[in-house]
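With mature numbering (1 follows the signal peptide of the UniProt record, and there is no 0) applied, the sequence shown corresponds to residues -21 to -1, 1 to 278, in that order.
Note that CB positions come from ideal geometry on N, CA and C, so glycine has one too.
Below is one structure, written out as structure tokens; the observations come after it.
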Amino acid sequence: MKKLNLLFIVSIFLVSNLSFAQNESAIEKEILELHKPTKKIRDSIVALQKGIVPKIETETDSIVKNQLILRLDDLENAKDQNDINELKLDFVFAKSHPNSFRSLQLIRIHVNRFIGMNFYDTFVDVFNNFSPEIKNSEKGLEMAEKLKYFKQSKVGSQAPEFSLKDINDKTISLDEFKGKQYVLIDFWASWCGPCREELPYIKELYQKYHQQGFEIISVAKDDKPDLWKKAIAKEKIEMWRHIFTSEDTKSILTDYFVQGIPHKVLIDKNGIIIGKWKGSGENNKHDLQKQLKSIFEAE
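Shown next, in the form of structure tokens:
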């Protein structure tokens, strides 16, 4: 009898797992079908980008070259918008499949990306709709942790406090700027090409608005302090504050939910996050310039 009971339990376990595998397989097919239109658009944009890059590299006319660069940037923006449209579809899909681990995976990969930056409330809504089994799974608990850091680092939140040593071994804390200055935290690295390409315009902003109450704190995700210091000297950006994140001090990256760089956070005099930009590109540059202009030319 015990042997029969054991066989019965094993059979139920196997059938249950087979059923789960079949359900997840069916869901995967649904997702592939769901993504067909956005995938088609993405592939078309990437093909156009691949055609423009070689032209930029060989073009000698500066006017034409700038036009090509702007066109490339427009295509990148179009690709981002297409990805956002796909994310919105994924939200609807995940909410209608609350018992699927694949649904959790579908939205989890976007939570710290640029395209998910403005959708905190939707992420929370979709996550809360998952079954207890999904939410309490290992990946579910990881997602809950991500949402915690997402919340505290989004626009409108009180900026996470920190107290760290800068390049001159002086303690720097966010609290010292409250009531006095607007602070731009620029997460970068010496090895990050897009980060360094942005430094000339960041310097312009600093020189234009520093006397009016604008400060910059650069936080480096470098592995080697010597390369970090050489990059600061080469780029001539010693005029503002610099922090190197070691194993002991990288909590600032977690607190500000920084996964990729460049990543910028603008904080007002009350310590509230009023701007956040992930990645590079002309849109981000113009948005930051516009926001600083509205702050300092209005005061």
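Exercise. Who are the Cβ neighbours of LEU85 in its own chain at under 8 Å, not counting the five residues just before and after it?
Worked result: Your numbering for residue 85 matches position 106 in the sequence shown. Within the same chain, LEU85 has close Cβ partners ILE10, ASP69, PHE72 and ALA73.
For this session: Express the C-alpha separation of LYS127 and SER41 in angstroms, rounding to a whole number.
Result: As a position in the sequence shown, residue 41 is number 62, starting the count at 1. As a position in the sequence shown, residue 127 is number 148, starting the count at 1. The alpha-carbon atoms of SER41 and LYS127 are separated by roughly 46 Å.
Exercise. Hey, GLU140 and ASP154: beta-carbon distance below 8 Å or not?
Worked result: Position 161 of the sequence shown, counted from the start, is the residue given in the question as residue 140. Position 175 of the sequence shown, counted from the start, is the residue given in the question as residue 154. It is a contact, given that the beta carbons lie within the stated cut-off.
For this session: Could you tell me whether the segment 195 to 202 touches the segment 263 to 276, where touching means 3 or more Cβ pairs closer than 8 Å?
Result: No contact exists between the segment 195 to 202 and the segment 263 to 276.
Problem set entry | Contacting residues, own chain, Cβ-Cβ under 7 Å from ASP247 (five flanking each side not counted) | Here residue 247 corresponds to residue number 268 of the sequence shown, with the count starting at 1. These residues qualify, in order along the chain: TYR161 and ILE253.
Problem set entry | Best match in VAL32, LYS208 and LEU184 for proximity to ILE274 [C-alpha to C-alpha] | Reading the sequence shown from its first residue, position 295 is the one you call residue 274. Selected option, being the one with the closest Cα: LEU184.
Exercise. Of the choices ILE48, LYS149 and LYS272, whose alpha-carbon is the least far from that of LYS34?
Worked result: On the sequence shown, residue 34 is found 55 positions in, with the first residue counted as 1. For LYS34, the closest alpha carbon among the candidates ILE48, LYS149 and LYS272 is that of ILE48.
For this session: Taking TYR188 as part of the beta strand (DSSP E), name the residues at either end of that continuous run.
Result: Position 209 of the sequence shown, counted from the first residue, corresponds to residue 188. First-last for TYR188: 178 to 188, but that is the alpha helix (DSSP H), not the beta strand (DSSP E).
Exercise. Which residue or residues does DSSP assign as beta-bridge partners of ALA199?
Worked result: Within the sequence shown, the letter at position 220 stands for residue 199. Partner(s): TRP167 and PHE223.
For this session: Tell me whether GLN137 sits in a helix, a strand or coil according to DSSP, three-state version.
Result: Along the sequence shown, read from residue 1 onward, the residue named residue 137 stands at position 158. Here GLN137 sits in strand by DSSP.
For this session: Could you check how far apart the C-beta atoms of HIS89 and LEU54 are, in whole angstroms? I think they sit under 8 Å.
Result: As a working mapping, residue 89 is identified with position 110 in the sequence shown. As a working mapping, residue 54 is identified with position 75 in the sequence shown. Contact doesn't hold; Cβ gap of about 21 Å is too wide.
Exercise. What are the boundary residues of the beta strand (DSSP E) that includes THR150?
Worked result: Looking up residue 150 in the sequence shown gives position 171. Element bounds for THR150: 150 to 152.
Problem set entry | CA nearest to the CA of LYS208, picked from ILE113, SER116, THR17 and ALA168 | Within the sequence shown, the letter at position 229 stands for residue 208. Closest option to LYS208, Cα to Cα, is ALA168.
For this session: Under the assumption that PHE93 contacts LYS213 (Cβ atoms under 8 Å), give the Cβ distance between them as a whole number of angstroms.
Result: Residue numbering aside, residue 93 sits at position 114 when the sequence shown is read from its first letter. Residue numbering aside, residue 213 sits at position 234 when the sequence shown is read from its first letter. With 8 Å as the limit, PHE93 and LYS213 do not qualify as a contact, their Cβ atoms being about 28 Å apart.
Problem set entry | Beta-carbon contacts of PHE156 that lie in its chain and below 7 Å, excluding the five residues immediately before and after | Your numbering for residue 156 matches position 177 in the sequence shown. Once the five neighbours on either side are set aside, the close Cβ partners of PHE156 are VAL162 and GLU194.
Exercise. What are the partner residues of ILE246, as DSSP defines its beta bridges?
Worked result: Taking the first residue of the sequence shown as 1, we reach residue 246 at position 267. BP columns for ILE246 point to VAL162 and ILE252.
For this session: Indicate whether ALA138 and GLY239 have their beta-carbon atoms separated by less than 8 Å.
Result: What you label residue 138 is simply residue 159 of the sequence shown in a count that begins at 1. What you label residue 239 is simply residue 260 of the sequence shown in a count that begins at 1. By the CB criterion at 8 Å, ALA138 and GLY239 fall outside the cutoff.
Exercise. How would you call ASN61, buried or exposed, if buried means at least 16 neighbouring beta carbons within 10 angstroms?
Worked result: Position 82 of the sequence shown holds residue 61. It is buried - the Cβ of ASN61 has at least 16 other Cβ atoms within 10 Å.
For this session: Please name the residue or residues paired with LEU143 in a DSSP beta bridge.
Result: Translated into the one-based positions of the sequence shown, residue 143 becomes position 164. For LEU143, which the question treats as bridged, DSSP gives the partners ILE151.
Problem set entry | Member of ASN45, TRP170, ILE151 and ASN107 whose CA lies at the smallest distance from the CA of ILE31 | Mapped onto the sequence shown, residue 31 falls at position 52. Ranked by Cα distance from ILE31, the options ASN45, TRP170, ILE151 and ASN107 are led by ASN45.
For this session: Name the one or two DSSP bridge partners that LYS257 has.
Result: The residue given as residue 257 occupies position 278 in the sequence shown. DSSP output for LYS257 lists HIS242 as bridge partner(s).
Exercise. Pick from ARG87, LEU143 and ASN147: whose alpha carbon is nearest that of GLU217?
Worked result: As a working mapping, residue 217 is identified with position 238 in the sequence shown. Of the listed residues, the one whose Cα sits closest to GLU217 is ASN147.
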